Structures are given as structure tokens and as C-alpha cells.
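*Asks:*
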Amino acid sequence: KVRIYGSNSQLLETVHKFQTVNQVYYPTFFYFHGLLQSICGISKRMANRLPYTREIFPLKDGGEIGLDFLEPAQMKIKCKRDTLVLILPGVTSSSQTSYVKTLALACVSKGTSVAVMNYRGLGGVPLKTPRLYSGTNIDDLDEVITYLKIKYPAHKKIAIGTSFGG
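In my numbering, the protein residues as written are -18 to 147.
(1) May I ask you to verify whether the stretch 13 to 22 touches the stretch 62 to 76, counting CB pairs closer than 8 Å and requiring at least 3?
(2) Using the Cα positions of residue 38 and residue 46, report the straight-line distance between them to the nearest angstrom.
(3) What does the Cβ neighbour count give for residue 87, buried or exposed, with the cut at 16 atoms within 10 Å?
(4) According to DSSP, which residues form a beta bridge with residue 138?
(5) Suppose contacts are defined by Cβ-Cβ distances below 8 Å. Is residue 99 in contact with residue 49 by that definition?
(6) Report the residue from 125, 52, 132 and 83 whose alpha carbon sits nearest the alpha carbon of residue 101.
(7) So for residue 38, helix, strand or coil by DSSP?
(8) Buried or exposed for residue 66, please, with buried defined as at least 16 other CB atoms from any protein chain shown within 10 angstroms of its CB.
(9) Quick one: what does DSSP say residue 43 is sitting in, helix, strand or coil?
(10) Applying the 10 Å Cβ sphere with the 16-neighbour rule, what's the burial state of residue 78?
(11) Only counting the same chain, and skipping five residues up and downstream in sequence, which positions put a Cβ closer than 6 Å to that of residue 137?
(12) Along the chain, where does the alpha helix (DSSP H) containing residue 79 start, and where does it finish?
(13) Is the Cβ-Cβ distance between residue 32 and residue 89 less than 8 Å?
(14) From residue 51 to residue 0, what distance separates their C-alpha atoms?
(15) Quick check on DSSP: helix, strand or coil for residue 99?
(16) Throw me the rounded Cβ distance for the residue 144 and residue 104 pair, which I believe falls under 8 Å.
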């Protein structure tokens, strides 16, 4: 049985009402250890590359970032919405990082277009200037948003930042 500790008694009371918290967990016989579950889960997710379309986006200061686009049609999914989701990965992540791919697939499966911003020097984008990505400086993001407004003028725009990318 799971033991949950915390100082917020209301939250603890609510969590203990969840059925899964009160059940005993039995792993499959071939993933009997948590470490094996993690390794196998990560290796499976890492193996599948998504068919992004990459645009190398030139920045005003001479730097470059990679914009990886994933459209519902690329995944043979009917486009249901005129919505673009811009995913901003964590500081050392890219469009091919496991959690970013999972998020991109979740968005595309709902019929939205996705753009992932690969920061300077990451995700296969060459570092062209001495300036690196900084989550405290939004100049690069500002340029990307301006560009996406032109590329997708009729789409609603949503940005999702994860970790230090948010």
C-alpha cells in the first residue's frame, strides 16, 4: 500500500479517496523492478522519432534556432482546429526529447498544429554566435512568436513551456 505524507490535511484526505492509491501494485513479471520499468519505458519512447518538418530560423543577432513543425496531416489525423501550439522545452531538451514528443503527439492527436522551439546550439541546431539560450531573456521567443503570427495568421496560438522553458 502507498504511504503519502504531507502537511495539507485536505489534500491528503482527497488523495486517499483515489482508488489507485489504495490498491496494491503488481508489476508484470518481466518488469519486476522499478529501474527496469524506467529503462524500458525510456528506451521505447526514445526510439520513435517524430516526422517533424524543420525550419532553421535566423535571428536578428546572427544566431539560429530550429523550429520543428508537426501537422495533423503528417500523422494522418484530421485537422479539427485552427490552433497552433508552441512547445518550449526545458533548457537542455529538444523536439526529440521523450516528454516533448509525448506532448507534441498529444496536441496533434487533438487536431492541432505543433511547433517546437529548439534553442541555440540544441537539437541539432548549430551555435552561430557566442550567445546561448537563457530562460531570462525572451528576445528569441519574441522573434519566433512574431514569425508564427505571420506563418499562421488565422490560427489561435497557445504556448506551453516546460521546466526552464516555461
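Ideal Cβ positions, reconstructed from N, Cα and C, are used throughout, including at glycine.
Computed from a predicted structure; not experimentally measured.
*Replies:* This is what the structure holds:
(1) no
(2) Between the C-alpha atoms of residue 38 and residue 46 there is a straight-line separation of about 5 Å.
(3) Residue 87 is exposed by the Cβ-count criterion.
(4) 65
(5) yes
(6) 125
(7) strand
(8) Burial call: buried.
(9) coil
(10) buried
(11) Cβ neighbours of residue 137 beyond the five flanking positions: 64.
(12) 79 to 90
(13) no
(14) Residue 51 and residue 0: Cα-Cα distance of roughly 37 Å.
(15) strand
(16) About 15 Å; that fails the 8 Å criterion.
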